[in-house]
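Residues 1 to 100 (the UniProt record's numbering) are what the sequence shown spells out, left to right.
Quick reminder that beta carbons are idealized off the backbone N, C-alpha and C, glycines included.
Quantities reported herein were computed from a predicted structural model and do not represent experimental measurements.
Everything below concerns the one structure shown next.
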Amino acid sequence: MQATMQALKHQIEARFSQLQIRLAQGDTRSRRDAAYALYEELGALRQQYADPRTSHADAVEGHAVDALLTDASHKAWSLYSAYHQELQNQLEWASTREYE
């Protein structure tokens, strides 16, 4: 159980580290897209770890894994939403500018 949780935490941390690098290098659109890509990757991890559980120990581990992935997914979705809103604001600002 601990080995699985540690491995999963390491995978999540590595993905968020990669995201931080992408966020530092891109514009608003690429930041938004990178955050969404991470959200999708976390969904794939959830599917990978969502196999049927039979014993009580497996069920406890399954809940811990699900909680960890849910928290990480919420963080990734919040980043996506923030960058999406920023992009929307930029587009709205650009559309309201008067051109001569």
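Proximity of residue i and residue j at Cβ, strictly below 9 Å
| i | j | result |
| --- | --- | --- |
| Leu-68 | Ile-12 | yes |
Residue from the options whose Cα sits closest to the Cα of residue i
| i | options | result |
| --- | --- | --- |
| Met-5 | Gln-47, Ala-64, Ala-37 and Phe-16 | Ala-64 |
| Ala-44 | Gln-25, Thr-70, Arg-32 and Tyr-83 | Thr-70 |
| Ala-76 | Leu-42, Leu-8 and Gln-88 | Leu-42 |
| Ala-24 | Tyr-83, Ser-95 and Gln-88 | Tyr-83 |
| residue 139 | Asn-89, Leu-87, Ser-95 and Ser-78 | This structure cannot settle anything about residue 139, because the visible part of the chain is limited to 1 through 100. |
| Arg-29 | Gln-85, Gln-48, Ser-95 and Glu-40 | Gln-85 |
| Ala-14 | Ala-72, Gln-90, Ser-95 and Leu-91 | Ala-72 |
| Glu-40 | Gln-2, His-74, Thr-96 and Trp-93 | His-74 |
Span separating the alpha-carbon of residue i from that of residue j
| i | j | result |
| --- | --- | --- |
| Leu-38 | Leu-19 | 7 Å |
| Thr-54 | Asp-66 | With a pLDDT of only 44 at Thr-54, under the threshold of 50, the placement of this residue in the model should not be trusted; the figure read from the coordinates follows. Rounded to the nearest angstrom, the two C-alpha atoms are 16 Å apart. |
| Leu-87 | Phe-16 | 21 Å |
| Leu-91 | Lys-9 | 37 Å |
| Gly-26 | Asn-89 | 17 Å |
Expected contact under 8 Å - CB spacing of residue i and residue j to nearest Å
| i | j | result |
| --- | --- | --- |
| Arg-32 | Tyr-80 | 6 Å |
Any non-hydrogen atom of the ligand ADP closer than 8 Å to residue i Cβ
| i | result |
| --- | --- |
| Thr-70 | Within the structure as shown, the ligand ADP is missing, as the structure has no ligands at all. |
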